[in-house]
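In the numbering used here, the protein residues as written are 132 to 310. Quick notes on the structure that follows.
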Amino acid sequence: MSKLLLARQKINLTQEELSEKSGISVRTIQRIEAGASLKGHTLKTLANVLEIKESDLLEEEKNSFSETRRWLKIINLSSILFVLLPPLNIIAPLVIMYYKNQISPINRQIVSIQIIMTLIAALLMLTIIVLNDWFSIENKFTLLLPISWVFLNVIIILRNAAEIDKKNSLRIYLNFSII
Numbered sequence: 132m133s134k135l136l137l138a139r140q141k142i143n144l145t146q147e148e149l150s151e152k153s154g155i156s157v158r159t160i161q162r163i164e165a166g167a168s169l170k171g172h173t174l175k176t177l178a179n180v181l182e183i184k185e186s187d188l189l190e191e192e193k194n195s196f197s198e199t200r201r202w203l204k205i206i207n208l209s210s211i212l213f214v215l216l217p218p219l220n221i222i223a224p225l226v227i228m229y230y231k232n233q234i235s236p237i238n239r240q241i242v243s244i245q246i247i248m249t250l251i252a253a254l255l256m257l258t259i260i261v262l263n264d265w266f267s268i269e270n271k272f273t274l275l276l277p278i279s280w281v282f283l284n285v286i287i288i289l290r291n292a293a294e295i296d297k298k299n300s301l302r303i304y305l306n307f308s309i310i
């Protein structure tokens, strides 16, 4: 719940009354209460009218950034749990992303990377099957290719997790998004 909404309700003001007292439009107040950022003149005016410190209204924005980063890490690392079950390494991050309403370009990139990795893994498996069945090429090392691919996917996930901790961005990313 928005800090502005809590402060406004604490002193029993409607959005319209707050708008009249502050000179800020009702629509702007509605946007702020819905999660828009609060800054500048609007921040100072609302803090004065509500008789609270400006930082009390901004506290949610800081928590929101921390919360967003936390969900970004969870969405990224959820892929690693299902790296051996390729459809789930896509579905798990997607479900978390939409359920927690964390739809951002970075989260879309995480899911896109997993989609690409799954498609390539499927092509590798198909190639192994074709080589084994059609051309009777059997090798002791045929399983090494999919195992290496799973290992590479785990490295990508962990490398991106480390970069999320440092810079809140991805180290390994695509120049496009599939979703």
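Beta carbons are placed, not taken as given, at the ideal position from N, Cα and C, and that holds for glycine. These numbers were taken from a predicted model, which means no experiment stands behind them.
1) Buried or exposed for residue 156, please, with buried defined as at least 16 other CB atoms from any protein chain shown within 10 angstroms of its CB.
2) Would you say residue 145 touches the ligand FAD, meaning its beta carbon is less than 7 angstroms from a heavy atom?
3) Where does residue 292 fall in DSSP's three states?
4) So what's residue 238 in DSSP terms, helix, strand or just coil?
5) Under 8 angstroms, do residue 225 and residue 188 count as touching if we go by C-beta distance?
6) Starting from the C-beta of residue 251, find all residues in its chain whose C-beta is less than 8 angstroms away, skip the five residues before and the five after it, and write them out in chain order.
7) Between 158, 260 and 284, which lies nearest to residue 209 when the distance is taken from Cα to Cα?
8) What does the Cβ neighbour count give for residue 303, buried or exposed, with the cut at 16 atoms within 10 Å?
9) Using 8 angstroms as the threshold, is the C-beta distance between residue 243 and residue 168 below it?
10) Starting from residue 221, trace the alpha helix (DSSP H) both ways and give me its first and last residue.
For this structure:
1) Walking along the sequence shown from the start, residue 156 turns up at place 25. That one is exposed.
2) As for the ligand FAD, it is missing from this structure, which has no ligand bound.
3) Taking the sequence shown and counting its residues from 1, the one referred to as residue 292 is at position 161. Three-state DSSP puts residue 292 in a helix.
4) Taking the first residue of the sequence shown as 1, we reach residue 238 at position 107. If DSSP states are grouped into helix, strand and coil, residue 238 belongs with the helices.
5) Stepping through the sequence shown from its first residue, residue 225 is reached at position 94. Stepping through the sequence shown from its first residue, residue 188 is reached at position 57. Not a contact, by the Cβ cut-off of 8 angstroms.
6) Counting from one through the sequence shown, the residue named residue 251 turns up at place 120. So the qualifying residues of the chain are 280.
7) The residue labelled residue 209 in the question sits at position 78 within the sequence shown. Considering only alpha carbons, the answer is 284.
8) Reading the sequence shown from its first residue, position 172 is the one you call residue 303. Exposed, since its Cβ has fewer than 16 Cβ neighbours within 10 Å.
9) Position 112 of the sequence shown, counting from 1, holds the residue named residue 243. Position 37 of the sequence shown, counting from 1, holds the residue named residue 168. No; because the gap between Cβ atoms is not below 8 angstroms, this pair is not in contact.
10) Here residue 221 refers to the residue found at position 90 when the sequence shown is read from its first residue. Per DSSP, residue 221 belongs to the alpha helix (DSSP H) from 217 to 230.
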